[in-house]
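Undergrad: Residue numbers (this note's numbering), protein chains in the order written: chain A, 370 to 495; chain B, 661 to 822; chain C, 5 to 276. Submitted below is the structure of interest, expressed as structure tokens.
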Ligand SMILES: C[S@@+](CC[C@H](N)C(=O)[O-])C[C@H]1O[C@@H](n2cnc3c(N)ncnc32)[C@H](O)[C@@H]1O
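This is the structure:
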């Protein structure tokens with residue numbers, strides 16, 4: 370499985386992508402929404418995108434809104450991973466088309482449990 | 661500062677208390693740094709000795725705020741290494757990035773405590789703490805020690821009259 | 005300072021007598037680390053000194069605190085996912101048929117820890133039974149009064165709501181309360197919390213349609229497991245459902261259960 374990790378912080382991208390790779394994902398990274406759109410255009414379409422909210426150039430909410438306007442990207446599962454923690458912000462992100470929402474700070478177990486909710490937790494062979 | 665903004669500031673300041681800041685910092689440590697070493701809160705206020713690095717993020721809106729993380733320069737690299745789980749040499753950019761993300765995470769969680777808060781800004785890094793707005797007050801502060809180095813977290817908030 | 009063998013053995017015996025939890029040799033480190041905060045708060049020099057203090061001058065409050073400190077309260081929302089799915093997609097529809105005359109169900113969360121399990125069940129019933137005007141009572145019990153207090157308040161930290169709770173359910177059933185999130189009153193009202201030792205009597209609880217007894221049998225010895233499963237069977241209606249944890253089974257423990265597979269989840273039904 371393939372995941373696109375969108376966050377302006379390299380440290381955070383590394384934490385998320387590292388955890389996903391341990392689970393067997395192939396990962397690509399993007400530092401803002403515009404860069405992430407480019408990655409999607411180049412294809413192939415990943416199964417999952419984790420998306421930060423506050424980023425330069427194009428923020429995560431705008432990115433989600435744009436992705437949801439494109440039919441070919443329908444199968445992409447989107448999980449916001451952000452420090453935005455208000456009730457109203459989560460409602461906005463879900464309304465824009467995100468499927469899940471993980472608030473920073475988060476533990477690796479929490480990330481895995483969210484993936485399980487999306488049906489995107491690969492069977493790890495022990 | 662006029663008398664009445666002062667009162668308004670006092671009201672705003674009450675939304676964020678030391679305890680809330682400590683809880684956010686604690687959750688962050690549990691999530692990202694606990695495997696290296698716990699953070700030890702100081703019982704007394706403690707200045708971070710120079711030279712320092714400071715990461716800050718602004719909160720816009722009716723009650724503007726600023727969240728700052730101040731660390732000894734020497735500790736900044738270890739913090740970044742712990743966050744990145746990397747042992748090798750880090751570039752300055754990596755260190756700034758990691759420190760900025762710490763400020764960002766605290767900033768977002770603080771913003772959620774302030775009613776009608778606006779947007780969270782992007783993190784900025786400097787070698788000295790930024791000057792808060794003239795009408796703002798220190799709403800919460802936490803001094804702590806990590807691996808023998810001092811770290812200070814401060815939340816500044818302004819009144820609606822700003 | 006390492007825990008003395010005498011202190012360790014005394015703690016193991018106390019915990020076993022009060023909770024049936026088995027602490028084997030080799031768990032010295034666990035015992036010590038769980039008791040450090042208590043020893044510190046009591047101003048004892050170290051954990052052994054703290055334990056010796058209660059050992060030589062028995063004191064009920066301290067004993068209870070030691071036992072509670074040695075319970076493992078790890079839990080999460082909709083833990084393991086699949087059991088709650090099986091509950092919603094198979095068990096609830098079956099109850100809708102079999103309980104159509106009374107239009108009410110009773111569920112027991114038998115080691116509810118900090119409340120995520122019973123509240124997950126209450127949330128899971130919203131769009132089915134509750135929307136259709138059924139009555140659902142969830143009884144949630146635990147040995148530890150400390151976790152019960154937290155469960156009753158229904159207030160969880162951000163790290164806790166991050167764990168296994170689908171975001172659409174978070175925004176629908178929780179309200180932010182400062183740094184934390186609180187389960188909404190309509191959900192809280194569905195759950196009745198009560199202190200209960202699983203080694204004691206269940207007579208006062210009445211009978212249930214569904215029992216969740218998850219991730220607690222693992223701490224007990226075989227005889228205790230058998231005793232508890234036998235008595236849970238009597239607290240369950242003859243056509244009721246028992247859910248166990250992923251590492252728990254009735255097989256070879258109490259053979260008066262029929263296993264029914266729902267997807268990959270084993271659900272246990274009383275035999276005959
Ligand atoms: C790991 S938690 C399980 C929570 C939940 N059922 C789940 O699956 O996530 C185990 C709980 O069992 C409780 N417990 C341990 N011994 C018990 C006993 N003898 N009687 C009742 N509860 C007990 C502990 O206090 C703890 O809260």
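Glycine residues also receive a C-beta, built at the ideal position from the N, C-alpha and C atoms.
Under the rule that 16 or more other beta-carbon atoms within 10 Å means buried, what is residue 377 (chain A), buried or exposed?
TA: With 16 or more other Cβ atoms within 10 Å, it is buried.
Undergrad: Taking residue 174 (chain C) as the reference, give the member of A:418, A:491, A:457 with the closest Cα.
TA: With distances taken between Cα atoms, residue 174 (chain C) lies closest to A:457.
Undergrad: So does residue 78 (chain C) have its beta carbon nearer than 7 Å to some heavy atom of ligand 1?
TA: Yes, since a heavy atom of ligand 1 falls inside the 7 Å radius drawn around the Cβ of residue 78 (chain C).
Undergrad: Does any residue of chain C have a CB that is nearer than 8 Å to the CB of residue 453 (chain A)?
TA: Chain C contact via Cβ: absent.
Undergrad: Going straight from the alpha carbon of residue 695 (chain B) to that of residue 687 (chain B), what length do you get?
TA: Those two C-alpha atoms are separated by around 13 Å.
Undergrad: When you compare each of C:255, C:163, C:259 to residue 477 (chain A) by their alpha carbons, which one comes out closest?
TA: Answer by Cα proximity: C:163.
Undergrad: Per DSSP, what kind of secondary structure is residue 734 (chain B) in: helix, strand or coil?
TA: It is helical.
Undergrad: Less than 8 Å between the C-beta atoms of residue 699 (chain B) and residue 689 (chain B), yes or no?
TA: Result yes, Cβ atoms of residue 699 (chain B) and residue 689 (chain B) sit closer than 8 Å.
Undergrad: Assuming residue 82 (chain C) and residue 52 (chain C) form a contact by the criterion Cβ under 8 Å, report the distance between their Cβ atoms to the nearest whole angstrom.
TA: Rounded, the Cβ-Cβ distance is 41 Å, inconsistent with contact.
Undergrad: Closer than 8 Å, CB to CB, is residue 492 (chain A) near chain C or not?
TA: False, the Cβ-Cβ gap to chain C never drops below 8 Å.
Undergrad: For residue 684 (chain B), which residues in chain C fall below 8 Å Cβ to Cβ?
TA: Going along chain C in sequence order, the residues near residue 684 (chain B) (Cβ under 8 Å) are 183.
Undergrad: Give the residues of chain C in contact with residue 638 (chain B), contact being defined as C-beta atoms less than 8 Å apart.
TA: Lying outside 661 to 822, the shown extent of chain B, residue 638 (chain B) is not represented and no answer is given.
Undergrad: Are the CB atoms of residue 715 (chain B) and residue 684 (chain B) within a distance shorter than 8 Å?
TA: It is not a contact, given that the beta carbons lie outside the stated cut-off.
Undergrad: Decide yes or no for the touch test of the region 107 to 121 of chain C against the region 136 to 152 of chain C: beta carbon pairs closer than 8 Å, at least 3 of them.
TA: The region 107 to 121 of chain C is in contact with the region 136 to 152 of chain C.
Undergrad: Regarding residue 202 (chain C) and ligand 2, is the C-beta to nearest heavy atom distance less than 7 Å?
TA: Among the ligands modelled here, namely ligand 1, ligand 2 does not occur.
Undergrad: Taking the alpha carbon of residue 93 (chain C) as the point to measure from, which residue in C:275, C:270, C:266 has its own alpha carbon closest?
TA: Residue 93 (chain C) has its Cα closest to that of C:266, out of C:275, C:270, C:266.
Undergrad: Round the Cβ separation of residue 201 (chain C) and residue 147 (chain C) to the nearest angstrom and send it over; I've been treating them as touching at under 8 Å.
TA: Sure, about 5 Å apart at Cβ, within 8 Å.
Undergrad: On the criterion of 16 or more Cβ atoms from any shown chain inside 10 Å, does residue 278 (chain C) qualify as buried, or is it exposed?
TA: Nothing about residue 278 (chain C) can be read from this structure; chain C reaches only from 5 to 276.
Undergrad: Kindly identify the DSSP beta-bridge partner or partners of residue 371 (chain A).
TA: Per DSSP, A:395.
Undergrad: Please decide whether residue 699 (chain B) counts as near chain C, where near means a Cβ-Cβ distance under 8 Å.
TA: So no, residue 699 (chain B) is outside the interface.
Undergrad: If you follow the beta strand (DSSP E) that residue 185 (chain C) is in, where does it begin and where does it stop?
TA: Per DSSP, residue 185 (chain C) belongs to the beta strand (DSSP E) from 184 to 187.
Undergrad: Which of the three DSSP states, helix, strand or coil, is assigned to residue 219 (chain C)?
TA: In the structure shown, residue 219 (chain C) sits in coil (DSSP, three-state: anything other than H, G, I, E or B).
Undergrad: Residues of the region 740 to 755 of chain B in Cβ contact with chain A at a cutoff of 9 Å, in chain order, please.
TA: Cβ contacts with chain A come from 740, 743, 744, 745, 746, 753, 754.
Undergrad: So which of B:691, B:767, B:736, B:718 has the shortest CA-CA distance to residue 752 (chain B)?
TA: Residue 752 (chain B) has its Cα closest to that of B:736, out of B:691, B:767, B:736, B:718.
Undergrad: Within the chosen definition, does the region 213 to 233 of chain C reach the region 186 to 193 of chain C through at least 3 CB pairs nearer than 8 Å?
TA: With the cut-off at 8 Å, the region 213 to 233 of chain C and the region 186 to 193 of chain C do not touch.
Undergrad: In three-state DSSP terms, what is residue 771 (chain B)?
TA: The answer is helix: DSSP assigns residue 771 (chain B) an H, G or I state.
Undergrad: Give the single residue among C:182, C:56, C:165 whose Cα lies nearest to the Cα of residue 43 (chain C).
TA: Looking at the Cα atoms, C:56 is the closest of the given residues.
Undergrad: Determine the extent of the alpha helix (DSSP H) in which residue 718 (chain B) is found, giving its start and end residues.
TA: Residue 718 (chain B) -> not in any alpha helix (DSSP H); beta strand (DSSP E) instead, spanning 712 to 721.
Undergrad: Work out the CA separation of residue 274 (chain C) and residue 232 (chain C) for me, nearest whole Å.
TA: One C-alpha to the other measures close to 14 Å.
Undergrad: So with CB distances below 8 Å, who are the chain A contacts of residue 767 (chain B)?
TA: Going along chain A in sequence order, the residues near residue 767 (chain B) (Cβ under 8 Å) are 452.
Undergrad: Note down the Cα distance separating residue 178 (chain C) from residue 190 (chain C), rounded to an integer number of angstroms.
TA: Whole-angstrom Cα-Cα distance: 10 Å.
Undergrad: Under 8 Å, do residue 236 (chain C) and residue 217 (chain C) count as touching if we go by C-beta distance?
TA: Cβ distance < 8 Å, so residue 236 (chain C) and residue 217 (chain C) count as in contact.
Undergrad: Assuming the contact rule is C-beta atoms closer than 8 Å, residue 702 (chain B) and residue 804 (chain B) should be a hit. Round their C-beta distance to whole Å, please.
TA: The pair is a contact, with the Cβ atoms about 6 Å apart (cut-off 8 Å).
Undergrad: Return the bridge partner residues of residue 798 (chain B) from the DSSP annotation.
TA: Per DSSP, B:816.
Undergrad: Let me see if you follow: with CB-CB separation under 8 Å, is residue 470 (chain A) close to chain C or not?
TA: Closer than 8 Å: yes.
Undergrad: Name the chain B residues whose beta carbon is nearer than 8 Å to that of residue 64 (chain C)?
TA: Ordered by position in chain B, no residue passes the 8 Å Cβ test against residue 64 (chain C), which lies about 32 Å from the chain.
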